[in-house]
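See structure below.
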Amino acid sequence: MPDDDVDDAAEAGPPLEAPAELTLDILRHSAAHLMAAAVVELFPGAQYDVGPATDEGFFYNFRLPDGAHFAEEDLATIESRMRELAKKRIPFDREVLSRDAARRLFDGMDQPFKVDIIDRMAADVNEVGVYRTGEFVDLCRGPHVPHSGHLRAVRLLRVAGVYWRGDEKNEQLQRVYGTAFFEREQLAAFIAQREEARRRDHRRLGAELDLFSFPEEIGSGLAVFHPKGGLVRKLMEDYSRQRHEEAGYDFVNTPHITKEDLFQTSGHLQWFAEGMFPPMELDGGVKYYLKPMNCPFHILIYRSRPRSYRELPLRLFEFGTVYRYEKSGVVHGLTRVRGLTMDDAHIFCSRDDMAGELSALLTFILDLLRDFGLTDFQLELSTKPEAKAVGSDDEWTEATEVLRQTALTMGLDLVMDEGGGAFYGPKISVQVKDAIGRTWQMSTIQVDLQFPQRFNLTYIDAAGREARPIMIHRALFGSIERFFGILLEHYAGHLPLWLAPLQCEIVPVQDDAPEVVEYAQGVRELMRARGLRAKVNDKPGERMQSRIRDAELRKVPYIVVVGRRDLERGDGVVNVRSTRAGTQENLLAGDLADRLAAEAAARSPG
RNA sequence: GCCCAAGUAGCUCAGAGGUAGAGCAACGCCUUGGUAAGGCGUAGGUCGUGGGUUCAAUUCCCACCUUGGGCUCCA
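The first sequence begins at 844 in the numbering used here and counts up one residue at a time.
Structure below.
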């Protein structure tokens, strides 16, 4: 949440009346007060800034004496002091003071942040609220819980440095984050949810499952995909290519670097320079840039010869790898990287075709996402950015309206993101909710009336006149890397069968009996004949139980165990366990192969 | 980019001003086991990189790189 919203929420303005009922926000804001009370006790001389409730809990900002900072260990100390204070059922006493009296009070206590907040209040505010919790006094509109005994399910979460008033030019304060609930069970559930998110973290899974890594030698935010991760990625890309081919896209390829002129013409160097890697100077001082987007290249393909209305809509698709200079503090696993591959396409069409093209596109996108097991969507419409935008208001309004109409026909929730568009046009983004309820921004569709003008794109219409096409920029995965990471978290590493690098592992009970190993290999061949990725684990010196455990940890979807008894029985029945479901079944090896092949072909989420 | 913290074996982590340890993984031997860890042994580290202080630095100091949590940003 932006800090400038926060500053005015809890402290500024005249006091509010007592609550009709106790809300979670009131509880959490009260917990913030209690925390500040504990901090002031434990760190004499600490100055406190603001401490609101948030979606997840609450925080409070402090300045500690002598530039000191909180360490992780301090959280436990503060928390236990809070627990003691809570037990005492200390009342939250409300007082209404004149503005001047309050200012004198906080000035006398050497609390400059509070004095500053009072000074910033609107001129017509004459009275302010002050809450006392034991010794602790805070400027606050309220309301609060009656006494500290209500705060029995509180947990401090982390410390952070934050800019005063959210501006990176200001000094940094120390912030402590915490959360609070009415009941301890709710707090326990919250902690379990965080633990679940940690367990699903794609960075952890990527290492555990040997999918990808970020070698320090290469640099921050630059991933390498290992064989298993590379295979998953190939499967994703193959399927995407197939669907795009069916949907009438043409496939193109473009280089990774270009002379600066291209990005001058596109406007990237004007609007997007800080997101780009610095240029390389080649012979004669010509500057070359790594591309942060693919659009100008696709435009040049369009412009390589005169175009007829008969060719439109022209849909150019590419898995285009781009490089963006992300600030060092923001790179994060696969979801925020400096080198990424977009499933990028640009559709050139006439104005008349635009609406039809957009609704077909949105349907296409949602269908494809569903094939990957994502089913819970929300649409977001991003409008013209205030400062960074090219083109007239009329053009923006037209493009925005077309997108809005398209979004509305899908029957999904549409939320507004004012000022969130690209510099060349508004966009619809598809937000996907994952298996544990987190929302990720995924696909985007952008209508662009600017690039066709800047690059002077034309086609000859049915009447033989030159006309201007419009462009639609769109990506479904967004970035393949990011999509990969989100899928991993969505599935907690248990990829659906069609995407699993190894689909079936066959474990021989006796690995020193050639006939048993041979039998296991026969089952493997049966699987392979059905197009399944299967392997026999016949590593010597391991017990069967240990191999099963190993395959479970690698999240191999199906594990078949075969041994001498099966061989002697000779009926072709094998035992298979499903890693995801944790079940076991006995069935004919051929039937198993059929079933798995069908599951993979259906792209069932498993 | 900013703040704080961290970086020791492939992984998870101990440790300490006198040049290092565990568990798992790897490798070898023994065990041939019927559904989530059999036993014994071996090998493995320029303690992130570069400087500085010191008789001596992996340990203390500085810079840089990388990672994490936030802040700002996310076209």
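We put the CB at the ideal spot given by N, CA and C, even for glycine.
Note that the coordinates shown come from a computational prediction; the quantities given were computed from them, not determined experimentally.
Reference residue i; option with closest CA among the options
| i | options | result |
| --- | --- | --- |
| I1144 | R1158, A1335, V1173 | R1158 |
| V958 | S1286, A966, L948, W1007 | L948 |
| I1271 | A1305, T1097, R1392, S1286 | S1286 |
| D1381 | I1279, G1262, R1194, I1349 | I1349 |
| S1421 | R1281, L1435, S1235 | L1435 |
| F905 | A919, P887, N1418, T920 | P887 |
| F1106 | T920, Y1131, P955 | Y1131 |
| V1366 | D1393, I933, V1416, D1354 | V1416 |
| Q954 | G1262, G1264, H876, L982 | L982 |
| D1214 | E922, F956, R1018, M1079 | M1079 |
| G1413 | Y1362, N1299, G1280 | Y1362 |
| V893 | T920, G1127, E899, F956 | F956 |
| Q1248 | S991, M952, I869, G1199 | G1199 |
| R1182 | V1173, F1191, E1169, W1239 | Reading the sequence as shown, one finds Gly at residue 1182 and not Arg. Here the closest residue by C-alpha is E1169. |
| R1027 | V1174, P1312, R926, P895 | R926 |
| F1120 | M878, H1099, G1127, E1059 | H1099 |
| S1495 | M878, Q1293, T1108, V1002 | The requested residue 1495 does not occur in the structure, where the chain is confined to residues 844 to 1449. |
| K1102 | E1088, Y1082, L1125, A1090 | L1125 |
| S991 | R984, Q1015, R932, N1013 | R932 |
| E1238 | R1408, H1069, M1314 | M1314 |
Whole-number beta carbon distance between residue j and residue i, since they are thought to touch under 8 Å
| i | j | result |
| --- | --- | --- |
| V1290 | L1246 | 6 Å |
| L999 | G1021 | 4 Å |
| V1067 | A874 | Not a contact, Cβ separation roughly 44 Å. |
| V1359 | V1404 | Incorrect: roughly 11 Å between the Cβ atoms, too far for contact. |
| G1118 | R1167 | 5 Å |
| A1310 | S1235 | Not really, about 19 Å apart at Cβ, beyond 8 Å. |
| H876 | H1045 | Rounded, the Cβ-Cβ distance is 37 Å, inconsistent with contact. |
| A801 | G977 | Summary: the structure shown does not reach residue 801, with the chain confined to residues 844 through 1449, and so no result is reported for it. |
| R1346 | P1312 | Contrary to the premise, residue 1346 reads as Gln rather than Arg in this sequence. Q1346 to P1312, Cβ: 45 Å. No contact. |
| L1048 | K1071 | Not confirmed; about 11 Å, so no contact. |
Same chain, Cβ closer than 7 Å to residue i, five either side skipped, listed in chain order
| i | result |
| --- | --- |
| V1258 | Q1221, E1223 |
| P1339 | G1216, R1446, S1447, P1448, G1449 |
| S1151 | Y1302, I1303 |
| M844 | With a pLDDT of 32 at M844, under the threshold of 50, the modelled position of this residue cannot be trusted, and the question is left open. |
| A1440 | R1373, G1374, L1375 |
| D1277 | W1283, I1329, E1332, H1333 |
| Q1364 | V1379 |
| N1137 | T1097, E1161, G1163, V1165, M1185, D1187 |
| V1174 | S1063, G1064, V1180, R1181 |
| A1090 | F1207 |
Beta-carbon proximity check, residue i vs residue j, cutoff 9 Å
| i | j | result |
| --- | --- | --- |
| D1187 | H1316 | yes |
| A929 | L994 | yes |
| V939 | V971 | yes |
| P1295 | G1262 | no |
| V1019 | F913 | yes |
| F1162 | P1135 | no |
| F1033 | F1024 | yes |
| F1207 | R1086 | yes |
| F1320 | I1142 | no |
| P1139 | F1191 | no |
| D909 | L885 | no |
| W1341 | A1250 | no |
| Q1036 | I1279 | yes |
Those residues which DSSP pairs with residue i across a bridge
| i | result |
| --- | --- |
| C1347 | A1377, Y1401 |
| H1175 | R1179 |
| D936 | R975 |
| T1022 | R998 |
| K1130 | E1124 |
| T1282 | K1276 |
| C1192 | I1313 |
Neighbourhood of residue i by C-beta distance below 6 Å, restricted to the same chain and skipping five residues each side
| i | result |
| --- | --- |
| R1043 | E1332, A1335 |
| D851 | Note that D851 has pLDDT 39, beneath the 50 cutoff, so the model's placement of it is unreliable and the number below is only indicative. Closer than 6 Å at the Cβ level, and outside the excluded window around D851, lies no residue. |
| A889 | V882, V883, F905, L907 |
| L1112 | F1106 |
Cβ-based neighbour list, residue i, same chain, cut-off 8 Å, excluding 5 preceding and 5 following
| i | result |
| --- | --- |
| Y1092 | R1158, L1159, F1160, A1188 |
| D847 | Confidence at D847 is low in this model, with a pLDDT of 36, below 50, so its placement is unreliable and no value can be given for it. |
| I1323 | R1076, M1079, E1080, F1162, L1183, T1184, M1185, D1186 |
| I1061 | V1067 |
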